[in-house]
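In what follows, a single structure is set out as structure tokens and then discussed.
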Amino acid sequence: MRYLPLTAEDRRAMLAKIGVDNVDALFRDVPRDAMAPLSAFDLPDAQGEMEVERFLSRLAAKNIAAGSAPTFLGAGAYKHHVPAAVDHLIQRSEFLTSYTPYQPEIAQGTLQYLFEFQTQVALLTGMEVANASLYDGSTATAEAVLMAQRVTRRGKAILSGGLHPHYAETVETTAGLFGEIRRAPVTPGSAEDLIGLIDEDTACVVVQSPDVYGLIRDLKPIAQAAHAKGALLIAVVTEIVSLGLLEPPGAQGADIVAAEGQSIGNGLNFGGPYVGLFATREKFLRQMPGRLTGETVDAEGRRGFVLTLSTREQHIRREKATSNICTNSGLCTLAFTIHMTLLGEEGLARLARLNHAKAAALADRLAKLKGVELVTPAFFNEFTLRLPKPAAAVVDALAAKGILAGVPASRLGGAADLLIVAATETAADDDMAALEAGLKEVLS
Amino acid sequence: MSLNNQGRPTGAGEAGAGAIATISGDRGLDHEEKLIFELGHGAVGVDLPDVQVPNDRLGGMRRKAPVGLPGLSEPETVRHYVRLSRKNYAIDSGLYPLGSCTMKHNPRLNEKMARLPGFGDLHPLAPALATQGALALIRELMTWLTRLTGMPAIAMSPKAGAHGELCGLLAIRAALAARGESHRTRILVPESAHGTNPATAAFAGFTVDEVPAKPDGHVDADALEAKLGPDVAAIMLTNPNTCGLFEPRVKEMADAVHAAGGYFYCDGANFNAIAGKVRPGDLGIDAMHINLHKTFSTPHGGGGPGAGPVVLSERLAPFAPLPLLVADGEGLRLIERKEDAPGGAKPFGRLSAFHGQMGMFVRALSYMLSHGRDGVRQASEDAVLSANYILAALKDVMSAPFGDGPCMHEALFDDSFLEGTGVTTLDFAKAMIDEGYHPMTMYFPLVVHGAMLIEPTESESKESLDRFIHVLRSLALEAKAGKTERFAGAPRLAPRRRLDETLAARKPVLRWKPAPLQEAAE
Numbered sequence: 004m005r006y007l008p009l010t011a012e013d014r015r016a017m018l019a020k021i022g023v024d025n026v027d028a029l030f031r032d033v034p035r036d037a038m039a040p041l042s043a044f045d046l047p048d049a050q051g052e053m054e055v056e057r058f059l060s061r062l063a064a065k066n067i068a069a070g071s072a073p074t075f076l077g078a079g080a081y082k083h084h085v086p087a088a089v090d091h092l093i094q095r096s097e098f099l100t101s102y103t104p105y106q107p108e109i110a111q112g113t114l115q116y117l118f119e120f121q122t123q124v125a126l127l128t129g130m131e132v133a134n135a136s137l138y139d140g141s142t143a144t145a146e147a148v149l150m151a152q153r154v155t156r157r158g159k160a161i162l163s164g165g166l167h168p169h170y171a172e173t174v175e176t177t178a179g180l181f182g183e184i185r186r187a188p189v190t191p192g193s194a195e196d197l198i199g200l201i202d203e204d205t206a207c208v209v210v211q212s213p214d215v216y217g218l219i220r221d222l223k224p225i226a227q228a229a230h231a232k233g234a235l236l237i238a239v240v241t242e243i244v245s246l247g248l249l250e251p252p253g254a255q256g257a258d259i260v261a262a263e264g265q266s267i268g269n270g271l272n273f274g275g276p277y278v279g280l281f282a283t284r285e286k287f288l289r290q291m292p293g294r295l296t297g298e299t300v301d302a303e304g305r306r307g308f309v310l311t312l313s314t315r316e317q318h319i320r321r322e323k324a325t326s327n328i329c330t331n332s333g334l335c336t337l338a339f340t341i342h343m344t345l346l347g348e349e350g351l352a353r354l355a356r357l358n359h360a361k362a363a364a365l366a367d368r369l370a371k372l373k374g375v376e377l378v379t380p381a382f383f384n385e386f387t388l389r390l391p392k393p394a395a396a397v398v399d400a401l402a403a404k405g406i407l408a409g410v411p412a413s414r415l416g417g418a419a420d421l422l423i424v425a426a427t428e429t430a431a432d433d434d435m436a437a438l439e440a441g442l443k444e445v446l447s
Numbered sequence: 022m023s024l025n026n027q028g029r030p031t032g033a034g035e036a037g038a039g040a041i042a043t044i045s046g047d048r049g050l051d052h053e054e055k056l057i058f059e060l061g062h063g064a065v066g067v068d069l070p071d072v073q074v075p076n077d078r079l080g081g082m083r084r085k086a087p088v089g090l091p092g093l094s095e096p097e098t099v100r101h102y103v104r105l106s107r108k109n110y111a112i113d114s115g116l117y118p119l120g121s122c123t124m125k126h127n128p129r130l131n132e133k134m135a136r137l138p139g140f141g142d143l144h145p146l147a148p149a150l151a152t153q154g155a156l157a158l159i160r161e162l163m164t165w166l167t168r169l170t171g172m173p174a175i176a177m178s179p180k181a182g183a184h185g186e187l188c189g190l191l192a193i194r195a196a197l198a199a200r201g202e203s204h205r206t207r208i209l210v211p212e213s214a215h216g217t218n219p220a221t222a223a224f225a226g227f228t229v230d231e232v233p234a235k236p237d238g239h240v241d242a243d244a245l246e247a248k249l250g251p252d253v254a255a256i257m258l259t260n261p262n263t264c265g266l267f268e269p270r271v272k273e274m275a276d277a278v279h280a281a282g283g284y285f286y287c288d289g290a291n292f293n294a295i296a297g298k299v300r301p302g303d304l305g306i307d308a309m310h311i312n313l314h315k316t317f318s319t320p321h322g323g324g325g326p327g328a329g330p331v332v333l334s335e336r337l338a339p340f341a342p343l344p345l346l347v348a349d350g351e352g353l354r355l356i357e358r359k360e361d362a363p364g365g366a367k368p369f370g371r372l373s374a375f376h377g378q379m380g381m382f383v384r385a386l387s388y389m390l391s392h393g394r395d396g397v398r399q400a401s402e403d404a405v406l407s408a409n410y411i412l413a414a415l416k417d418v419m420s421a422p423f424g425d426g427p428c429m430h431e432a433l434f435d436d437s438f439l440e441g442t443g444v445t446t447l448d449f450a451k452a453m454i455d456e457g458y459h460p461m462t463m464y465f466p467l468v469v470h471g472a473m474l475i476e477p478t479e480s481e482s483k484e485s486l487d488r489f490i491h492v493l494r495s496l497a498l499e500a501k502a503g504k505t506e507r508f509a510g511a512p513r514l515a516p517r518r519r520l521d522e523t524l525a526a527r528k529p530v531l532r533w534k535p536a537p538l539q540e541a542a543e
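Protein chains in written order, with the numbering used here: chain A, 4 to 447; chain B, 22 to 543.
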């Protein structure tokens, strides 16, 4: 077996040193009737690289990769171009095959990039502090609600109807154990009245912008109303590139920002691994979930970085920890921070403008088709169309033509005639023309 | 000094010039590296068109102030991260004996497979027609994991071990509610457990009741059985446990908790000791997470991402979270909503936005197909053999708290062999850094004093193990002989000396700020 260095002779010598005859003697404490023979496992035996590659490559070929087709899928995961340097650098052995940096003297590489990552996230979101990542945007949102429940000592959370329904369900599944989760109904393409729902029992209001239908929300009046009642505003961002062009949540009064960072540096990966971004105000620092990297000095006075404030975490505080999270999204944060470094101020601004320009052009093109209506008046790179036919059937018909047209809202529990369409910098003119022509044909 | 015929020195010159102060501040291959915020100078590392959108559709919400990001070109960016990478220890560069963390070799084939566009560039909400291969891969992995564990069902969406624990406990909570027994709120957790166990129990709304360990390192099964009662929801046991020992009375404890009306959650972090040898389903467990980043070698990546699928017993299977993978006449598809769940299924909810850590699934399946059932079994045997070899070779100079063994995949020592030397577990571990090794897990599990938990894994050759043993024996003998110079203040040869963690926590600096702001904050 190519991954196992011990030879039969090594094994014999090691057993002799230990003083046993065979390896099963080392499994002494296992009840004998629980020892399973190899034949108990109805599974194949070892295969060479070539055979494994052949099998998996054929499975992969049965899927339609985003880059192989005109792609307009979004709703929480976005196709972006990732510079070649990103994937090369994250495969450096010293990043890829290292553990959580619990031994800081020999983990300064990881710790320094995490410190830089935390700074980038704080700057992007307009917040004071950010952690070293959570699993993804949806779990970050659930953690934000749990944190708001701790901070305010209240249970109720009000979720905007524009919050991605899968995020809302994730919140209900976890934070729902500690208080009422109320989802506000929404008309796609417009903002619901959240302010009227906030009362003295409200821990937080959760608002996604741009929302799941693509609509950009104004958070300021909601923040003011929440603060007036002692509640927190949690801002959710599923398309982090939007913050290159939009007013950040921190400037609108958000207390916690929970975001999905997949768009920067990370591939679609059929839903994971992604990277949860989590930022807040300094005054809530000790209620934050997840790992934090901080600056310090070593015994010779040189700057260095360590994991810090770990008295919040499970390995120290056990059942009193702020979260149960241990493993986070280490390597995905590295991909994020490298891509963001390559972009810089100017690159991110250009990327965001390009996304918006593409989406605006596509929205105008498609809204001219007969029976098609644009329902999202203000959007970044994603908008919703009302179609004269059920959107799921339209999407299937276009997929059969090799076009990934968008996400039918019905897939997320929304109306049957709504199609959520995203256009990023990867949407070329001929891709848009293909979608326009295909949609026209399917709708006729 | 000898010179060649161009006057160029060919010998090593004067020896012992190790600690000179350099002009640059760098030391050979060890470069000091600034933060990107100190390096940035307005360059751009990508080429994108400068599109202006004067008539934007942003609803008046356009950003007013710049973000404040630094600008670096591609060569500067590449150099920055390459230099940072060289400050890290890695399994690819040396033995990484972190007990309970399982730092085994990460085959590169798995990386290549995860990057196939059909997997890596596949949108999670693409129509079923476009994702049949991905769904088939998930189903294949489900088959492997359920057959290796001898369990009937599995939930794939948990994103790491702790998330898997949450999945298992929420399934238990839902099962109790369905039985009308939501008054069962107490969970028994051994004091030797990973911190995530009690944290997850609290996170899932349960109270935690600690079960002591016996002097032999096993969970006190009698104490556990005495604590069972009508308010107990479940026990959470790690098996093999965090002392590196298999619980011999595991089936008896399983029977006892079932008789008392509770469930048995098993922390599967140490499944790598028994995969292909023992089926957890034969031990009476109801739920167990599998850390794909431990047992099935998806890379740890400096702290993640992981993946923590959870196998479930018949009793818990109906409560598995969304999405559900089903096969019908038209192929494979995902059930995304409770109202669409097939008969009998009562999903407890949803754990995250999509369907789990697909990138990790591809890597783990690639690992399993490569190893096969025989290779998985051999890997477990080699991991256990290597740990016992280390235990046998070190027990006379270090102190093994639970006797001569055997152990499972990790060897536990305490600090009694250092008593009176002035050397602590921390000092001992940091001295290993100067010897070119990552330290073992320290001060965990909590049930022995000054714990040192060594997990060599199956990835080390005998020569590598022998060299490691030689270094640890020598360190232990030096400490005991009172030769403690190399311990105090170690490490000396790492990119940094010991770091001031107290300062970091007392005055937290968690992000870079421009100089004037930095001063104002102090």
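Just so you know, even glycine gets a beta-carbon here, dropped at the ideal spot from N, CA and C.
Please return the same chain residues whose Cβ sits closer than 8 Å to the Cβ of residue i, not counting the five positions on each side in sequence.
i         : result
B/Arg-100 : none
A/Ala-187 : Ile-161, Leu-162, Ser-163, Gly-164, Glu-195, Asp-196, Leu-197, Leu-200
A/Phe-23  : It is worth fixing the name first, because residue 23 of chain A is Val in this sequence and not Phe. If we look at A/Val-23 and ignore the five residues flanking it on each side, its Cβ neighbours are Leu-29.
Taking 7 Å as the CB-CB cut-off, is residue i touching chain B?
i         : result
A/His-83  : no
A/Gln-121 : yes
A/Cys-329 : yes
A/Cys-335 : yes
A/Gly-307 : yes
A/Ile-109 : yes
Against chain A, does residue i count as a neighbour if the rule is that its beta carbon must be under 7 Å from one of theirs?
i         : result
B/Thr-152 : yes
B/Asn-127 : yes
B/Phe-224 : yes
B/Tyr-458 : no
B/Ile-41  : no
B/Phe-267 : yes
B/Leu-56  : yes
B/Thr-221 : yes
B/Phe-375 : yes
B/Ser-387 : yes
Going by beta carbon distance, what residues of the same chain come within less than 6 Å of residue i, once the five residues before and after it are set aside?
i         : result
A/Leu-365 : Ala-426, Met-435
B/Ala-542 : Residue placement at B/Ala-542 is flagged as unreliable, the pLDDT there being 48, under the threshold of 50; the coordinate-derived value follows with that caveat. No residues qualify anywhere along the chain.
So residue i packs on residue j, CB below 8 Å; how close in whole Å?
i         : j         : result
B/Gln-27  : A/Pro-276 : Going by Cβ atoms, the distance from B/Gln-27 to A/Pro-276 rounds to 55 Å, so no, they are not a contact pair.
B/Pro-368 : B/Leu-343 : 5 Å
A/His-342 : A/Val-85  : 6 Å
A/Val-424 : A/Phe-383 : Contact flag wrong, Cβ pair sits at about 12 Å.
B/Arg-168 : A/Phe-118 : Between A/Phe-118 and B/Arg-168 the Cβ distance is about 44 Å, and since that is not below 8 Å, they are no contact.
Given residue i, which residues of its chain have a CB within under 7 Å of its CB, disregarding the five upstream and five downstream residues?
i         : result
B/Ala-135 : Gly-141, Gly-380, Val-383, Arg-384
A/Ala-125 : Glu-131, Val-132, Ala-133, Ala-282
B/Ser-373 : Ser-178, Lys-180
B/Gly-61  : Pro-91, Gly-92, Leu-93
Quick check on residue i: does DSSP put it in helix, strand or coil?
i         : result
A/Val-89  : helix
B/Lys-528 : coil
B/Met-309 : strand
B/Ala-38  : Reliability of the predicted coordinates at B/Ala-38 is poor, the pLDDT of 46 falling under 50, and the value obtained from them is presented with this limitation in mind. B/Ala-38: coil per DSSP, three-state reduction.
B/Ile-411 : helix
B/Asn-109 : strand
key: Within the stretch 469-505 of chain B, ranges of the alpha helix (DSSP H) (whole runs, at least 4 residues)   = 483-501
Alpha helix (DSSP H) segments (min. 4 residues) lying fully within the stretch 181-209 of chain B = 182-199
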